[in-house]
Amino acid sequence: KAGVTQTPRYLIKTRGQQVTLSCSPISGHRSVSWYQQTPGQGLQFLFEYFSETQRNKGNFPGRFSGRQFSNSRSEMNVSTLELGDSALYLCASSRQGANTGELFFGEGSRLTVL
Amino acid sequence: AQTVTQSQPEMSVQEAETVTLSCTYDTSESDYYLFWYKQPPSRQMILVIRQEAYKQQNATENRFSVNFQKAAKSFSLKISDSQLGDAAMYFCAYRFSGAGSYQLTFGKGTKLSVIP
């Protein structure tokens with residue numbers, strides 16, 4: 001069974017640009033979450049999607065957005081990039097109905113903003 | 115708001131020895147889940163062990179066990195017979211069970227080094 005797949009793995013952008021990151025969850029998983037990981041702030045929750053609907057959102061500015069498609073694949077977009085957006089962006093999927101809601105993580109997309 | 119605190123940014127252990135990583139959390143809820151996740155240098159986070167708050171018995175998974183003290187809001191991870199492959203960042207995480215969301219609140223992590 002394939003794990004959570006994130007693309008691209010690495011990318012470099014300049015300030016002001018926008019970026020789109022993609023996440024394919026484990027087959028059968030309908031919940032997808034996104035986290036930002038930085039050395040200073042640690043792991044911070046961005047948003048969570050289930051059945052194409054945003055179920056929860058973290059405390060990030062509106063420049064951060066996401067969506068989920070009917071096949072459960074998810075994308076997140078960051079517009080007008082700032083230096084502080086440099087981070088590892090982690091996607092996680094979960095099987096709805098699992099009591100503990102165990103999250104399965106991808107390897108992440110490393111974004112560098114110059 | 116829930117918070118998770120890991121007071122040990124870095125720890126080291128001799129191979130084959132035992133080490134305990136600390137975690138405290140703050141919540142007003144009574145029903146929740148606690149997790150320890152491991153993030154090796156390759157970056158993919160994997161679940162090490164989980165604990166349901168309503169269970170008094172401490173969870174164990176092979177060499178990994180927890181000491182869950184609900185009243186003290188403490189959730190420590192004990193790694194026995196440490197192996198080189200245990201070297202990684204370890205994150206303690208909390209999830210409220212009733213929110214209809216799988217959002218996790220993470221601690222800042224503890225970097226564990228294993229000395230051969």
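Protein chains in written order, with the working numbering: chain A, 1 to 114; chain B, 115 to 230.
We treat Cβ as the ideally placed atom computed from N, Cα and C, and that holds for glycine.
Please read all numbers here as calculations on a predicted model, not as lab measurements.
Could you pull the DSSP bridge partners for residue i from this structure?
i, result
"isoleucine 193 of chain B", "B/Val133, B/Phe178"
"glycine 66 of chain A", "A/Met76"
"glutamate 48 of chain A", "A/Ser33, A/Asn56"
"glutamate 166 of chain B", "B/Tyr147"
"glutamine 128 of chain B", "B/Ile229"
"lysine 152 of chain B", "B/Ile160, B/Tyr204"
Less than 7 Å between CB atoms is the rule here; does residue i satisfy it with respect to chain B?
i, result
"glycine 28 of chain A", "no"
"glycine 84 of chain A", "no"
"phenylalanine 69 of chain A", "no"
"glycine 66 of chain A", "no"
"serine 93 of chain A", "no"
"phenylalanine 60 of chain A", "no"
"serine 24 of chain A", "no"
"serine 79 of chain A", "no"
"glycine 16 of chain A", "no"
"serine 72 of chain A", "no"
"glycine 40 of chain A", "no"
"serine 109 of chain A", "no"
Just the Cα atoms here: how many angstroms apart are residue i and residue j?
i, j, result
"leucine 114 of chain A", "isoleucine 163 of chain B", "38 Å"
"glutamine 18 of chain A", "asparagine 77 of chain A", "7 Å"
"serine 126 of chain B", "lysine 222 of chain B", "17 Å"
"asparagine 176 of chain B", "serine 72 of chain A", "33 Å"
"proline 154 of chain B", "phenylalanine 178 of chain B", "16 Å"
"tryptophan 150 of chain B", "tyrosine 216 of chain B", "15 Å"
"valine 228 of chain B", "glutamine 36 of chain A", "27 Å"
"isoleucine 193 of chain B", "valine 133 of chain B", "5 Å"
"phenylalanine 64 of chain A", "tyrosine 204 of chain B", "27 Å"
"glutamate 102 of chain A", "glutamine 158 of chain B", "14 Å"
"isoleucine 26 of chain A", "lysine 152 of chain B", "19 Å"
"leucine 226 of chain B", "asparagine 56 of chain A", "32 Å"
Beta-carbon separation of residue i and residue j under 7 Å?
i, j, result
"leucine 90 of chain A", "phenylalanine 105 of chain A", "yes"
"threonine 112 of chain A", "isoleucine 12 of chain A", "yes"
"glutamate 107 of chain A", "serine 22 of chain A", "no"
"arginine 110 of chain A", "leucine 83 of chain A", "no"
"threonine 138 of chain B", "serine 211 of chain B", "no"
"serine 31 of chain A", "phenylalanine 60 of chain A", "no"
"threonine 224 of chain B", "glutamine 122 of chain B", "yes"
"serine 136 of chain B", "serine 190 of chain B", "yes"
"serine 24 of chain A", "alanine 92 of chain A", "no"
"glutamine 54 of chain A", "phenylalanine 47 of chain A", "yes"
"phenylalanine 69 of chain A", "glycine 58 of chain A", "no"
"serine 94 of chain A", "histidine 29 of chain A", "yes"
Report yes or no: is there a C-beta of chain A within less than 7 Å of the C-beta of residue i?
i, result
"glutamine 165 of chain B", "no"
"lysine 225 of chain B", "no"
"glutamine 158 of chain B", "yes"
"leucine 161 of chain B", "yes"
"phenylalanine 220 of chain B", "yes"
Quick check: is the beta carbon of residue i nearer than 7 Å to any beta carbon in chain D?
i, result
"glutamate 75 of chain A", "Structure shown: chain D not included; protein chains present are A and B."
Say yes only if the C-beta of residue i is nearer than 6 Å to one or more non-hydrogen atoms of the ligand FMN, and no if none qualify.
i, result
"phenylalanine 64 of chain A", "You won't find the ligand FMN in this model; it holds no ligand whatsoever."
Check: Which residues, in chain order, does the segment 43 to 57 of chain A contribute to contact with chain B at a C-beta distance below 7 Å?
Finding: Leu43, Phe45, Glu48, Arg55, Asn56
Residues of the segment 190 to 218 of chain B whose Cβ lies closer than 9 Å to any Cβ of chain A, in chain order:
Phe205, Ala207, Arg209, Ser211, Ala213, Gly214, Ser215, Tyr216, Gln217, Leu218
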